[in-house]
Amino acid sequence: MENNATTYSRRSFLKVTSLTGGGMMLGIHWLAGAAPSAAETGLDVVKETFSFNGHIKITSDNIIQIMAQNPEFGQNVKTSLPMIVAEELDADWKNVVVEQAAFDLKLYTRQFAGGSQSVRTTWKALRNAGASARHMLREAAAKTWGVPLDEVTTNAGVLLHEKTGKSVTYGEMASAAAEIPVPTDVKLKDLKDFKIVRSPRKNVDGLNIVTGKPMFGLDYRQKDMLIAMIQHPPAFGLKLKSYDAKQALKMPGIKHVFTIKLFPDKYERQIFDTRTFNEALVVVGKSTWEVMNARKKLKVEWEPITEKVECVHSFGSERDEITPAGLESTDQHFAKMAERAAQSANELRKDGDPEAAFKNAAFILERTYSAPFLAHNTMEPMNCFAHVTESKAFFAGPLQAPEFAEKSLAERFGMPLEQVEIQMTRMGGGFGRRAYAHYMLEAGLISQRAKAPIKLVYSREDDMTYGIYRPAYTATYRAALDANKQLIGFHVKGGGIPEHPIAADRFPASAVDNYLAEGWEIPSNLTIGAFRAPRSNFNAAAEQSFLDELAETMGKDPIDLRLEMLQRAKDKPVGKHDNYDPDRYAGVLKLVREKSGWDLPENKGKNRGVAAYFCHNSYAAHVIDLTIKDGEPVVEQVYSAVDCGIVINPDAAANMVEGAVVDGIGNALYGALTVKDGVPEQNNLNTYRIIRHHEAPKKVDVHFVQNDIDPTGLGEPPFPPVFAALANALYRATGKRLYKQPFGVKSVE
Amino acid sequence: MAKFTLKINGQTHRVDVDPSTPMLWVLRDHLDMPGTKYGCGVAACGACTIHLDGSAVRACQLPVSTVKNQEITTIEGLSASGDHPVQRAWLEHDVAQCGYCQAGQIMSAASLLKINPNPTDDDIDAFMSGNICRCGTYLRIKAAIKTAAQQS
Ligand code: FES
Ligand code: FES
Numbered sequence: 001m002e003n004n005a006t007t008y009s010r011r012s013f014l015k016v017t018s019l020t021g022g023g024m025m026l027g028i029h030w031l032a033g034a035a036p037s038a039a040e041t042g043l044d045v046v047k048e049t050f051s052f053n054g055h056i057k058i059t060s061d062n063i064i065q066i067m068a069q070n071p072e073f074g075q076n077v078k079t080s081l082p083m084i085v086a087e088e089l090d091a092d093w094k095n096v097v098v099e100q101a102a103f104d105l106k107l108y109t110r111q112f113a114g115g116s117q118s119v120r121t122t123w124k125a126l127r128n129a130g131a132s133a134r135h136m137l138r139e140a141a142a143k144t145w146g147v148p149l150d151e152v153t154t155n156a157g158v159l160l161h162e163k164t165g166k167s168v169t170y171g172e173m174a175s176a177a178a179e180i181p182v183p184t185d186v187k188l189k190d191l192k193d194f195k196i197v198r199s200p201r202k203n204v205d206g207l208n209i210v211t212g213k214p215m216f217g218l219d220y221r222q223k224d225m226l227i228a229m230i231q232h233p234p235a236f237g238l239k240l241k242s243y244d245a246k247q248a249l250k251m252p253g254i255k256h257v258f259t260i261k262l263f264p265d266k267y268e269r270q271i272f273d274t275r276t277f278n279e280a281l282v283v284v285g286k287s288t289w290e291v292m293n294a295r296k297k298l299k300v301e302w303e304p305i306t307e308k309v310e311c312v313h314s315f316g317s318e319r320d321e322i323t324p325a326g327l328e329s330t331d332q333h334f335a336k337m338a339e340r341a342a343q344s345a346n347e348l349r350k351d352g353d354p355e356a357a358f359k360n361a362a363f364i365l366e367r368t369y370s371a372p373f374l375a376h377n378t379m380e381p382m383n384c385f386a387h388v389t390e391s392k393a394f395f396a397g398p399l400q401a402p403e404f405a406e407k408s409l410a411e412r413f414g415m416p417l418e419q420v421e422i423q424m425t426r427m428g429g430g431f432g433r434r435a436y437a438h439y440m441l442e443a444g445l446i447s448q449r450a451k452a453p454i455k456l457v458y459s460r461e462d463d464m465t466y467g468i469y470r471p472a473y474t475a476t477y478r479a480a481l482d483a484n485k486q487l488i489g490f491h492v493k494g495g496g497i498p499e500h501p502i503a504a505d506r507f508p509a510s511a512v513d514n515y516l517a518e519g520w521e522i523p524s525n526l527t528i529g530a531f532r533a534p535r536s537n538f539n540a541a542a543e544q545s546f547l548d549e550l551a552e553t554m555g556k557d558p559i560d561l562r563l564e565m566l567q568r569a570k571d572k573p574v575g576k577h578d579n580y581d582p583d584r585y586a587g588v589l590k591l592v593r594e595k596s597g598w599d600l601p602e603n604k605g606k607n608r609g610v611a612a613y614f615c616h617n618s619y620a621a622h623v624i625d626l627t628i629k630d631g632e633p634v635v636e637q638v639y640s641a642v643d644c645g646i647v648i649n650p651d652a653a654a655n656m657v658e659g660a661v662v663d664g665i666g667n668a669l670y671g672a673l674t675v676k677d678g679v680p681e682q683n684n685l686n687t688y689r690i691i692r693h694h695e696a697p698k699k700v701d702v703h704f705v706q707n708d709i710d711p712t713g714l715g716e717p718p719f720p721p722v723f724a725a726l727a728n729a730l731y732r733a734t735g736k737r738l739y740k741q742p743f744g745v746k747s748v749e
Numbered sequence: 750m751a752k753f754t755l756k757i758n759g760q761t762h763r764v765d766v767d768p769s770t771p772m773l774w775v776l777r778d779h780l781d782m783p784g785t786k787y788g789c790g791v792a793a794c795g796a797c798t799i800h801l802d803g804s805a806v807r808a809c810q811l812p813v814s815t816v817k818n819q820e821i822t823t824i825e826g827l828s829a830s831g832d833h834p835v836q837r838a839w840l841e842h843d844v845a846q847c848g849y850c851q852a853g854q855i856m857s858a859a860s861l862l863k864i865n866p867n868p869t870d871d872d873i874d875a876f877m878s879g880n881i882c883r884c885g886t887y888l889r890i891k892a893a894i895k896t897a898a899q900q901s
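Sequence order for the protein chains is F and S.
All the letters of the first sequence, read from the start, carry residue numbers 1 to 749 under my numbering.
All the letters of the second sequence, read from the start, carry residue numbers 750 to 901 under my numbering.
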């Protein structure tokens with residue numbers, strides 16, 4: 001099972017300094033040193049390179065300042081990570097200030113938000129830091145008072161010595177504590193003594209948000225800053241041939257029109273160096289509106305690209321990435337996928353003798369599922385401020401993975417890492433999209449060329465038609481049943497453009513005697529990237545819909561079937577079994593069964609669907625109840641059960657799960673980015689349908705499994721099973737199984 | 750270019766811009782009031798919602814030349830210190846995730862409550878459906894609007 005307890009081969013250190021003006025500062029530096037395991041490829045690897053910097057400051061006037069530097073895109077880490085520190089420090093949350101001033105701080109660049117790893121990977125380091133600071137304060141008090149250390153206790157930011165009745169605030173002892181060496185070993189709190197963690201705390205940025213304070217990348221500005229926009233090709237498969245900027249340059253406020261080249265020929269790209277168009281035509285001017293208008297006056301000729309093969313490095317391994325020529329279309333994509341699916345594929349896992357099982361089967365259930373490209377459509381489009389001079393490259397913008405960007409930037413600008421500074425702003429949504437820093441590189445190259453501080457702004461159209469989409473996928477699931485309708489074989493063969501989605505070792509691997517997982521891929525010139533629970537978001541939709549149909553075929557309750565299979569995986573696992581914990585998986589199903597009143601007679605008549613999934617180290621299950629009104633689904637109620645270990649901030653966590661449910665329903669019903677002759681057919685929010693207020697579920701009940709397991713991911717795991725819970729509920733309502741995303745509403749009529 | 754005198758959040762501002770410039774960009778680029786957000790530029794997302802003489806409008810669709818004497822209120826001016834009933838309700842329900850859409854949501858909600866102090870679920874859905882929240886905070890927004898309705 002994946003449990004973070006075993007993966008703490010980390011390098012971390014704490015460093016204490018005195019504050020001028022009195023007080024102490026404990027710096028937390030922590031770098032994950034674990035190498036990715038061989039089985040992990042591509043984006044999953046990211047979680048193993050996580051690192052962290054932050055600090056605890058205690059001033060003599062008893063302000064406790066905690067800085068946690070993980071990028072914030074709505075997952076609430078800016079609140080939850082300091083809560084962990086404050087807990088072990090035994091601070092009074094009222095006196096805790098989480099550093100706010102996103103724009104005037106030199107933030108470090110060792111953070112990553114993605115893969116639901118922020119809390120999971122920092123949990124122990126942060127607890128340690130808080131406990132160390134508390135220990136030092138106690139030791140300072142013991143010395144000052146001349147009493148034994150173990151008689152000094154703490155309570156909500158106050159040091160106490162019961163026998164003598166002495167007490168001081170942390171602030172008063174902070175300067176003395178700065179003289180105490182950092183302990184090598186500290187005892188962490190008993191979980192049952194937690195006072196801050198596990199109790200709801202409000203978002204520390206709440207007031208800034210509701211009063212419209214500048215926090216986001218697009219809000220960033222510097223004196224004499226210019227605005228830049230990029231005119232990218234109108235279709236995938238095209239590149240710039242020539243342009244005439246005479247008219248554009250005459251437009252008011254316009255300073256420059258020029259081209260930049262992102263990567264030089266032969267540049268060896270790293271995995272996050274994804275970029276769709278290598279050459280960009282840029283307009284630079286004084287204000288956004290002026291630049292938008294000038295773009296319309298550009299006369300540009302585009303030409304077809306030729307096929308290219310590039311070597312892409314991914315944490316020590318490398319692979320060739322093919323970008324084929326041609327203008328692709330969605331119809332043709334799905335036709336090609338159907339054709340490719342009929343051919344042989346790479347075997348990813350095989351247990352027992354699946355061929356024989358299917359040959360001997362009395363009945364075979366076979367179903368094919370598909371899903372289109374999705375655009376992330378973060379509410380705040382891509383943007384970045386850059387000021388590149390001879391001696392320094394400065395960036396400020398919304399970025400999930402500065403760690404991966406800075407190396408590429410340093411290399412591209414021919415500067416040592418120390419001369420590259422990235423200041424991270426709050427992100428108006430991430431969903432994976434902001435792990436791809438092409439817009440930072442573009443901003444830097446534009447600034448360098450314009451010799452000015454610039455802010456690169458993507459219009460919504462630029463953002464939506466740029467690529468880096470969730471890939472298009474298809475998968476065929478087959479189940480072999482014997483004459484007694486017992487499951488004897490399971491086969492999944494999945495593929496996609498340009499990557500396959502299959503996670504071969506996940507459930508139901510290990511739960512079936514004869515099992516085969518296969519994958520295939522078709523290259524494309526549409527670029528792709530991580531999208532909230534990459535691959536899992538499709539796998540769960542397909543597999544959990546299939547299991548529902550399989551349960552029906554076998555004459556079983558869908559929850560019972562899953563529980564029986566999980567029991568099997570637990571009692572007598574088949575083949576390699578180190579991916580999921582059957583007990584925790586079953587746990588969320590049992591919890592959602594109870595909370596939704598699954599077995600109650602009054603609920604039997606409801607149109608309800610269930611689905612569960614495991615990914616990013618956490619487990620989630622949903623039950624969805626819906627009705628149909630005027631041919632449209634109305635989601636009346638969702639019950640969610642999640643096991644992500646210890647829940648740091650329960651109300652914020654519930655918010656995350658609610659959001660994942662809404663996002664899942666929206667993408668399942670409406671999400672699609674289609675192309676025709678290389679041109680995206682949706683280019684703004686009036687053509688790309690995103691779930692809105694009236695389409696959201698009426699009620700979402702979120703329940704967490706209560707356990708003392710170290711926290712695991714929460715941003716992504718609740719998302720994937722939503723699709724199938726919805727499909728299964730829609731089946732009950734309409735009698736129609738849904739195999740093709742988006743489900744739309746027509747198929748429901 | 751032309752000069753315009755604008756009344757924004759109770760103060761007078763002068764700008765010299767192209768008359769077609771939408772108020773969204775006048776606020777963001779020329780007046781350094783970036784609380785009003787850009788999300789689509791085509792009236793499809795509501796992120797840019799402001800009040801024009803008290804009613805919600807999309808700032809991306811409002812050329813500066815058409816504003817004339819009308820009073821503009823932005824998220825920065827909705828209340829002096831974040832204590833408008835809608836803002837307080839937003840904090841109470843801890844609505845925001847990424848927060849990017851919330852200025853627009855709050856401006857729409859404040860406008861709704863002015864017209865309809867006691868909206869039903871359907872009223873809220875109808876009025877708010879032009880405001881997208883990509884993070885999916887719709888349930889909390891609805892709950893917060895109801896709380897604000899009781900308090901205002
Ligand atoms: S930016 Fe005005 S409605 Fe989207
Ligand atoms: S909170 Fe992120 S878009 Fe609404």
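Glycine residues also receive a C-beta, built at the ideal position from the N, C-alpha and C atoms.
Bear in mind that the values here come from a model prediction, so they are computed numbers and not experimental data.
Distance between residue j and residue i (C-alpha atoms, nearest Å)
i	j	result
C884/S	A796/S	13 Å
P319/F	E552/F	It should be noted that the sequence gives Arg, not Pro, for residue 319/F. So the alpha carbons of these two residues sit roughly 43 Å apart.
K863/S	V623/F	37 Å
W93/F	K78/F	14 Å
E290/F	M440/F	22 Å
T798/S	A751/S	24 Å
A39/F	P771/S	Note that A39/F scores a pLDDT of 37, beneath 50, so its modelled location is shaky; the value from the coordinates is reported in the next line. Going by the C-alpha atoms only, they are around 52 Å apart.
P742/F	M782/S	39 Å
G397/F	E442/F	12 Å
S510/F	V574/F	4 Å
K676/F	T687/F	15 Å
A410/F	I422/F	11 Å
Integer-rounded CB distance, given that residue j should sit under 8 Å from residue i
i	j	result
N525/F	P324/F	6 Å
I254/F	A294/F	5 Å
Extent of the continuous beta strand (DSSP E) to which residue i belongs
i	result
Y515/F	N514 to E521
W289/F	Premise fails: W289/F lies in the alpha helix (DSSP H), T288 to R295, not in any beta strand (DSSP E).
R202/F	A quick correction: the sequence has Lys, not Arg, at residue 202/F. Taken as a continuous stretch (DSSP letters only), K202/F belongs to no beta strand (DSSP E), as it is neither H nor E.
A553/F	Here the sequence assigns Thr to residue 553/F, which means Ala is not the residue at that position. Element bounds for T553/F: not the beta strand (DSSP E) but the alpha helix (DSSP H), S536 to M554.
Neighbouring residues, chain F, relative to residue i (Cβ below 8 Å)
i	result
H779/S	S287
P771/S	W289
P866/S	Under the 8 Å cutoff, chain F gives no residues; its nearest Cβ is about 19 Å from P866/S.
Partners in chain S for residue i, counting only beta-carbon separations shorter than 9 Å
i	result
R593/F	Result: empty, since nearest Cβ-Cβ is about 23 Å, beyond 9 Å.
V700/F	L888
N667/F	Those do not exist, as N667/F stays about 10 Å from chain S at its closest Cβ, beyond 9 Å.
Proximal residues of chain S, C-beta to C-beta of residue i below 7 Å
i	result
I422/F	The premise fails here: I422/F is roughly 19 Å from chain S at the closest Cβ pair, so nothing lies under 7 Å.
Segment limits, alpha helix (DSSP H) that includes residue i
i	result
K863/S	Q851 to I864
M337/F	T330 to A341
K359/F	P354 to N360
R460/F	R460 to M464
Where residue i meets chain F, residues with beta-carbon distance less than 7 Å
i	result
G790/S	S459 and R460
C847/S	F73, G74, M379, M427, G428 and G429
Contacts that residue i makes with chain F (C-beta to C-beta distance below 9 Å)
i	result
S814/S	Within 9 Å Cβ-Cβ: nothing; S814/S doesn't reach chain F, min ~13 Å.
E825/S	T211, G212 and K213
Check: residue i C-beta below 7 Å from any heavy atom of ligand 1
i	result
R807/S	yes
Distance cut-off 7 Å: residue i Cβ against heavy atoms of ligand 2
i	result
G326/F	no
T144/F	no
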